[in-house]
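Each residue of the sequence shown is one higher than the one before, counting from 45 in the working numbering.
Some notes on the structure that comes next.
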Amino acid sequence: MAKSPRTKSDRTQPSGGETHQTAAGLDTAVLTTNHGVPISDNQNSLKSGTRGPTLLEDFVLREKIFHFDHERIPERIVHARGSGAHGVFEATDDISDLSMAAVFTKGEKTEVFVRFSTVAGGAGSVDTPRDVRGFAVKFYTREGNWDLVGNNIPVFFIQDALKFPDLVHAVKMEADRGYPQAGSAHDTFWDWASLMPETTHMLMWAMSDRALPRSFRTMEGFGVHTFKLVNAKGEASFVKFHWKPRLGLQSTIWDEALKLQAADNDFQRRDLFEAIDTGNFPQWDLGIQVFDQAFADAQPYDVLDATKLVPEENVPVRLIGTLTLNRNVDNFFAETEQVAFLPSNVPPGIDFSNDPLLQGRLFSYLDTQNSRLGTTNFHQIPINAPRCPFANFQRDGKMQTMVPRGRANYEPNSLAAHGEVGGPRESPVTGFVTVDAATGDDESGEKLRVRSETFADHYSQARLFYLSQTQSEQAHIASSFVFELSKVGLLDQVPPRMVANLRNVDEDLARRVADGLGIPLPKKAPAAKEPVDMPLSDALSIHKNMKETLEGRAVGILIADGTDAAELDAVVAAIKKAKGKAVIVAPKVGGAKLSDGSVRKADGQLAGSPSQIFDAVAIVLSQEGCAALIKEAAAVQFAMDAFGHLKAIGHSDAAKPLLDKAGIEPDEGVTDLGKSFMTAASRRFYDREPMLRTLA
Ligand code: HDE
C-alpha cells in the first residue's frame, strides 16, 4: 500500500505570505536561541562554580524554560479532544442552478482540513465515551474559506443559542468535584436534560449507538442547521448538508466501548492516522437535501429548529461531491490544535438561515478563537489562512506576522493618484451578498424574546427516530437510558422526570426504562404540543445502513507456538485480498514458532491486544498452542469478548477447547477459517445479544 505523500512542498502555507519557519528549523545544522544565537551546550545550565547556584544571566536556560512554560493554550471549551487530517474535496455534480459557490463547480478540487472530536471530555480524555462526535470541515475555496462545522448526529440538544452555556455546564464534569470526565452519565446532565423537553430528540440519538461510532471513518456527518444555497441570479433554496461514509455505518456496543477505553484510549485517533498513513484514505460523499419555502411551510415541524431533521424519505439526499482524507498532519499542535473553525465562514453562494442556534454560533466561534489562540490575527496561522489571496485594511494586533507596505490603512483613499499603493476595494460583482428574505423568513422587525410556537413539538421526531430503529437498536437505546439514569445518584427526582418525558415518545420505551431502573412508571409529562406519528425512516438506523465489507475492518489473528503455517498464511492472504487488515497477536511480541519451524513475528502481544480493538477474530492454534492458551486468562477473554461483542470468530479445529472454555455456543458467526469466515468477518451478529446479556 502506498505511503501518504508527505513532501515539503505539500506543507500548508498561507497564500501570499511566507512563514519565517523553515520546518521548525530542523533543516538548520546549528542549534540556536529563538533569536539566532548559536548554542554551544544544550546539556548544562550556567553555574557559579561546578556545584554552585545557577546564574540569572543564563539566557539559554531562561529562554528555553520560558518558552516551555507557555507551550499550552486553553483547550476548547467543548470539542477539546480531536484528531485532524488534510484532504481534498472534489465536486462531482453540477449544481450551478442552486449555488454559485466555486467549491461546487463540477470537477473543482478544493483543499480541505477536517477535525473530528468528542464533545464533553478534555483534550487528554478518551476516544470512545458515549458522546456526540464533531465533524468539522474547512474548505480552502478559491473564494475564501467555507467551514462546515457539523456533528455526527443531525439534530441538536437545544433550539436557542442562549441555552448553550447551560447545556455545556451541565454535561461537563461537575463544578465542585471535577468529575466525571467525558461522560453524560451523572446528576447535573440529567437534572438539566429532564427539565428541558426540547432535548428529547437529541437524547434518543445520544443514547443510541450513534454516540459509539466504531471509527471516524464509519460515521455520518451533518451540517445540522438549515442553510441556504444561492445561485447567480440571487435565488435562494434551503439546504441541509450530509456526509455519507463510503465504508457504511458502524458502531461499537456499550460493553465494547467501555473496554476500548481501557485497551486503547486513542482508538479512533490511531485508526484515522494509520488508515491515512497506509494509503487507505477515508472517504465521504457530500450530500444535500434541497427544499423551498412551500415545502418548509407544509411540514409539521419548523426547518429553522435544530432539534428537527428533514427525513431523507421526504427529501432525498443528492450526492454532489467526495471528500478524501489523504494526508496526516505534520504537527498536531500547529495544525489540529490551532485550527479555528468558524460557521460564519461562507463563500458567495452559501448563506445562513434564521435558525436561532446557528445565529448564536456565528458570534461564538469568532469570539472563542481570541481567547484560545490569543489574538485576532489567528487567521494568519498557516492552518487557518485562506489559500486564495486575502487583503483588507485591518491592521496590527498581537502576533501580527504580515508586513503591509505603504500608508494605505484606510478606505476610501486616493493614494493611488499620488503613485502610492491604494490597496484593495470592495467588489459588488464577486463579493458576498447576504440573500434577502425572499425565502420567506419572518422578519417583522419587532424585538421579541420569544420561542416560536412552531418549535413547540418536542416529541414527534424523537418517536420517529425510536420507532425507525431495529429491535436490537431499540434495546440499546432503552438500556442506555437505564445505564445513564442509574448513575444519577443524588437527585431522586430526576429519573422519574425523565421517564415521564419518555412516555410522550413511546410508552413501551418508557416502561422498559422504568423497569430497568426498578422504579414505578411515573405520570406522563404534559407535552407543550401533542406529538404526531410520522412515516418511519430507514435512513435513521445504523443497522439498516451498514455495509458488509472487510474493507476498513481489522481482524485479530491469535497464534501461539505450533500454529499451522499454511493455515495462517491462507487466513492472512484472504483478509488482505478482501482489503481488511490482518493483525497477528501472540503471547510474546517476538513471535511464535510455527509448525514448519519458522518464527512468525506478532504485531501485538496478547495481554495488550484484547479483541475489542478488532472487528473480527481468527483463532489459529495447534493442539499444543491451545493447551497452553487455555490456561491464559487473556486468551480466554479474547475469545469471550469477541463473542460478547457480537463479532465473527473463525477458528482452527484444534482451537475448539479454548472456545469451550470461553463459554461460546457456536452460531453462524462462529466458523472455520474458510470462506464463511470472510463473509462473517464483514458483519456483526446482533441476534446473538439477547442470549448474552439482559437488555432493557
Ligand atoms: Fe459548537 N462550539 N457551539 N456546535 N462546535 C465550538 O468553538 C457553540 C454546536 C461544533 O474541531 C467552540 O473553536 C455554540 C452545534 C464542532 O475545532 C465554541 C453553540 C454543532 C466544534 C462552540 C454550538 C456544533 C465546535 C469551542 C450553540 C453541530 C469543534 C472551540 C449556539 C452543528 C470544532 C471552538 C473544532 C466547537 C460554540 C452548537 C459543532 C465555543 C455557542 C449545533 C464540531 O465556539
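No residue lacks a Cβ here, since even glycine has one placed at the ideal position from N, Cα and C.
Just so we're clear, the structure is a prediction, and the values are computed from it rather than from any experiment.
Straight-line gap, residue i to residue j (C-alpha atoms, nearest Å)
i, j, result
"A630", "L602", "6 Å"
"V223", "K632", "Just to set this straight, residue 223 is Tyr in the shown sequence, not Val. Their Cα atoms are separated by approximately 37 Å."
"V627", "M735", "29 Å"
"A585", "A636", "It is worth fixing the name first, because residue 585 is Ser in this sequence and not Ala. Approximately 43 Å, taken between the alpha carbons."
"D329", "D141", "20 Å"
"V741", "A699", "Outside the displayed span of the chain (45 to 740) sits residue 741, for which this structure offers no information."
"R556", "A522", "6 Å"
"K272", "V347", "12 Å"
"R507", "V576", "9 Å"
"P433", "N421", "16 Å"
"R644", "P173", "35 Å"
"G713", "A135", "40 Å"
"W234", "A164", "14 Å"
"A651", "A678", "6 Å"
"R449", "N457", "15 Å"
"F658", "G128", "23 Å"
"A205", "S524", "27 Å"
"D605", "P710", "25 Å"
"A124", "A167", "5 Å"
"T483", "D336", "Reliability of the predicted coordinates at T483 is poor, the pLDDT of 49 falling under 50, and no value is obtained from them."
"G188", "P391", "6 Å"
"L511", "E551", "11 Å"
"N78", "H111", "10 Å"
"V538", "L247", "15 Å"
"N545", "F377", "43 Å"
"V34", "K573", "There is no way to answer for residue 34, as the model of the chain reaches only from 45 to 740."
Residue i in three-state terms, based on DSSP
i, result
"E517", "helix"
"H286", "strand"
"I657", "helix"
"L736", "helix"
"Y184", "strand"
"R727", "coil"
"S161", "strand"
"S720", "helix"
"P241", "helix"
"I297", "coil"
"T483", "Confidence is the limiting factor: at T483 the pLDDT is only 49, short of 50, which leaves the residue's position unreliable and the question unanswerable from this model."
"T715", "strand"
"I619", "helix"
"H695", "strand"
"E264", "coil"
"R371", "strand"
"A683", "helix"
"D171", "coil"
Distance between beta carbons of residue j and residue i, contact taken as under 8 Å
i, j, result
"V549", "T244", "6 Å"
"D315", "R254", "Rounded, the Cβ-Cβ distance is 17 Å, inconsistent with contact."
"V680", "A706", "5 Å"
"V147", "V274", "So it is not a contact: roughly 13 Å between Cβ atoms."
"G292", "M590", "5 Å"
"E592", "K623", "That belief does not hold up - the Cβ atoms of E592 and K623 are roughly 13 Å apart, past 8 Å."
Outcome for residue i when other beta-carbon atoms lying within 10 angstroms are tallied against a minimum of 16
i, result
"A567", "As written in the sequence, residue 567 is Lys, which differs from the Ala given in the question. It counts as exposed."
"F407", "exposed"
"F721", "buried"
"D685", "buried"
"H286", "buried"
"P400", "buried"
"M443", "exposed"
"L100", "exposed"
"A338", "exposed"
"Y184", "buried"
"N196", "buried"
"V532", "buried"
"N375", "exposed"
"Q438", "exposed"
"A73", "exposed"
"S488", "exposed"
"A435", "exposed"
"R737", "exposed"
"N475", "For the record, residue 475 in the displayed sequence is Gly; it is not Asn. Under this definition G475 is an exposed residue."
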